[in-house]
Structures are given as structure tokens and as C-alpha cells.
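Counting from 54, one number per residue, gives the positions in the sequence shown under my numbering.
C-beta: ideal position from N, C-alpha, C; glycine also.
Have a look at the structure below, then the notes.
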Amino acid sequence: MSQKGIYNSDLPNITHRGKVRDTYELNKELLLMVITDRISAFDVVMDTAIPKKGEVLAKMSEFWFEKTEHIIPNHFIGLASDPETFEMISDFPIAESLDEDLRKRSMVVKKAKRIDIECIVRGYITGSAWSEYTKTKTVNKISIPQDLIEAEEFPEFIFTPSTKAEVGHDEPLSPDETKELIGEDLYNQVKLKSIEIYTYAHEYSKSKGMILADTKFEFGFIDNKLSLIDEALTPDSSRFWSADDYNPGKSPLPYDKQYLRNWLLAQDWNKKPPPPQMPKDVLDKTIEKYIDCLETVTGIKL
Ligand SMILES: Nc1ncnc2c1ncn2[C@@H]1O[C@H](COP(=O)(O)OP(=O)(O)OP(=O)(O)O)[C@@H](O)[C@H]1O
Ligand SMILES: [Mg+2]
54 MSQKGIYNSD LPNITHRGKV RDTYELNKEL LLMVITDRIS AFDVVMDTAI PKKGEVLAKM
114 SEFWFEKTEH IIPNHFIGLA SDPETFEMIS DFPIAESLDE DLRKRSMVVK KAKRIDIECI
174 VRGYITGSAW SEYTKTKTVN KISIPQDLIE AEEFPEFIFT PSTKAEVGHD EPLSPDETKE
234 LIGEDLYNQV KLKSIEIYTY AHEYSKSKGM ILADTKFEFG FIDNKLSLID EALTPDSSRF
294 WSADDYNPGK SPLPYDKQYL RNWLLAQDWN KKPPPPQMPK DVLDKTIEKY IDCLETVTGI
354 KL
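Encoded structure:
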């Protein structure tokens, strides 16, 4: 199984299947999030698994949850491959079906009362922020007085939340719209924490030769305490650039998906399912990049 990767986790009683992760409810307090080897590009899930990708993402989330605990508590209990964590869930029926490959890709987390926005922090002007800025000189409807070139570092890191759309695309939210949704007090708290975690992770990554251009966090309440949930600071939730590729004026390609995106753009494909079948060299290079990203940023060797 591991040569081909894990496309579907296929465990009993799934509660949610996202583009990449399969989530199971263990009991009223705990969830099991299986990070599969699925990969998406242009919001479409490819039909081939990227072996080891799930393991890389699981390790990276684990690393950052532990590293950022001094800033904010989080939902992470442990990876199911960790004997102590596995022991904790060994009485649940699902544990029987968790082989070694699945355990490495599974996080046991505390269930939270989720805050329904995506908390995005940007350090550099790129992607959708750059396209909005070129049209209206705003980002998330906030005016940006400075003249910036593409991929330039913002004078100050900015908080640009968006909706969590059940269907379709997430929409950017202005500060006032966000306050209306979640209240002013909570807005101030998640903004502060998001920027604090980003600042820490950006600095850390930079010292390892990687630029964390932007990232998305989710928050919720666990035992009435504001906590970081979901995944944290992985290539799936963040844009990592190699410092070697960074030249303001043009956005570097994201470190992890560059081969896949370039290859997809060269295909005659309308960016709607079904996606084209990925050739072996694109697959191999993509795996390599994910592993490289993990090793460079965290120092962890698979
Ligand atoms: N500790 C937690 N408690 C409750 N819900 C959580 C927790 N951590 C993450 N979640 C939620 O679990 C869900 C995980 O879904 P997942 O990210 O796999 O798919 P999705 O968000 O529906 O789509 P996409 O694949 O585009 O991200 C998200 O809705 C996330 O907000
Ligand atoms: Mg999600």
C-alpha cells in the first residue's frame, strides 16, 4: 500500500471528507484526522495519490503545534504512530483498522467549537492579494497606501480573513464584515494571535532558507479556551518559497506544487474534474519537494 500512497482512508463511520483529509469522530471530545496522500491543484483533487505526502503534512503540523504552544494552546494530542497516543485510542473500534501506514498520517485532536472564518496572514503581496491590489490598490478591501511590486514584503504583516464557504470559493472579508460575523472582541483576539504565530513561524522558516509568504489558520474553543485547530503551517495551508527563488517583481512558484502546476498549465485542461493523469516524473518530483520542504523547515528526516 505505501508504494502507491493512501488515497482513501476507508475507516468506519467517516464524519467528513475534505479535499485531502478524512475526519472521524472518536467520541464527544476527540477526532481522528487522517491526512491522506491526495493532492489538489486549482481546487481540483488529482486522481493519483502522492505517496508519503500525508506523512509529511502530519509531521509538519505536529512540529508547529509543539513549537507554537507558548503562543496559543491547540487541539493536537498526538500522531497515532506515537505509542502513547495510540494507547489512548486503542479501545475505540477504529483502532483495529489503523495499520502502520495510516497511523503515521493520523492526528488525534480535541474537538473544538469552531470559529467559522479562515484566518489568513500575509507577509508578502502575491496570489489573490496581488490581483486585488493591481485592480483597486486594496487587499481585503483595506486600502494599501504604499506602492508595492509583486511579491514584495508588506511593511507590516496583514490579517486578511475569509469566509468558510460550504460550497464554492471562500470570499475575502473586510475587518468590519469579520467583526459583524464573530464580534469585535473575538476579531481582535484571532487577529492578534494569527499575526503572532505567523511572525514566529516566518522568522523561524527564514532562518532555514524558506520564506513563509502567507498562511491560513483556524481557531476554535476547547474547554472555553481559544485554541489553534485544523492543520498548522503545512505546505497545504501555506505558501512556502525558497529564499533562493525570491526576487521581488515576480512571485516565486510555491515550493511544493511547482512541478504539478506547471505541468497542469501545459495541458489542455479546463481546470474542472476530471483532472489529467499525472505522469510518473511529475509525481516523483512532487514527492521530493514535499519531503524537502519538511526537512528544510523542521530538520525532520522521514
Ligand atoms: N479540533 C477541531 N474541532 C472541530 N473541527 C475541526 C477541528 N480541526 C479542524 N476542524 C474542521 O474539520 C474540517 C476538516 O475538513 P477538511 O479541511 O479536511 O476539509 P474542508 O475544510 O471541508 O475542505 P478543504 O479540503 O478544502 O480544506 C474543517 O471544517 C475544519 O474546520
Ligand atoms: Mg479545510
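| Check | Outcome |
| --- | --- |
| Please check the pair residue 64 and residue 142, which I expect to be a contact at CB under 8 Å, by giving their CB distance rounded to whole angstroms. | The Cβ separation is near 12 Å, so there is no contact. |
| Look up residue 365 in the DSSP assignment and give the residues it is bridged to. | For the chain, the structure presents residues 54 to 355; residue 365 sits outside this window and is missing. |
| Assuming residue 349 contacts residue 312 under a Cβ cut-off of 8 Å, what Cβ separation, rounded to an integer in Å, is found between them? | Actually they do not touch by this definition, with Cβ atoms about 17 Å apart. |
| Strictly by DSSP, which residues pair up with residue 216? | 170 |
| DSSP three-state label for residue 180, please. | helix |
| What number of angstroms, rounded off, separates the C-alpha of residue 54 from the C-alpha of residue 104? | Its pLDDT being 45, under 50, residue 54 is placed unreliably in this model, and the coordinates cannot settle the point. |
| Which whole-angstrom value describes the C-beta separation of residue 210 and residue 253, a residue pair presumed to lie in contact below a C-beta threshold of 8 Å? | That pair is no contact at about 11 Å. |
| Please name the residue in 73, 82, 117 whose C-alpha comes closest to that of residue 96. | 73 |
| Got a sec, what are the start and stop residues for the beta strand (DSSP E) residue 322 sits in? | Unbroken run through residue 322: none, as it is neither H nor E. |
| With distance defined between alpha-carbon atoms, name the residue in 69, 263, 126, 281 nearest to residue 297. | 263 |
| Can you find a heavy atom of ligand 2 that lies under 7 Å from the Cβ of residue 283? | yes |
| Are the Cβ atoms of residue 111 and residue 160 separated by less than 8 Å? | yes |
| When you measure from the CB of residue 286 to every non-hydrogen atom of ligand 1, does any distance come out below 7 Å? | no |
| Kindly indicate if chain B contains any beta-carbon less than 8 Å away from that of residue 182. | No chain B is part of this structure, which consists of one protein chain only. |
| State the DSSP-derived secondary structure class of residue 235, mapped to helix, strand or coil. | helix |
| Quick one: using the 10 Å Cβ neighbour count with 16 as the cut-off for buried, is residue 280 buried or exposed? | buried |
| Could you say if the segment 268 to 288 and the segment 165 to 174 meet the contact criterion of at least three C-beta pairs nearer than 8 Å? | yes |
| State the start and end residues of the unbroken alpha helix (DSSP H) segment that holds residue 351. | 333 to 351 |
| Check residue 282 in the structure and name its three-state DSSP category. | strand |
| Taking 7 Å as the line, does the beta carbon of residue 71 fall inside it for any heavy atom of ligand 2? | yes |
| Examine ligand 1 and report whether any of its heavy atoms sits within less than 7 Å of the Cβ of residue 222. | no |
| Give the straight-line distance between the Cα atoms of residue 58 and residue 90, rounded to the nearest whole angstrom. | 6 Å |
| Would you call residue 269 buried or exposed, if buried means 16 or more other Cβ atoms sit within 10 Å of its Cβ? | buried |
| Since residue 295 and residue 308 should fall inside the 8 Å C-beta cutoff, what is the C-beta to C-beta distance between them, to a whole number of angstroms? | 6 Å |
| Who pairs with residue 300 in a beta bridge, going by DSSP? | 303 |
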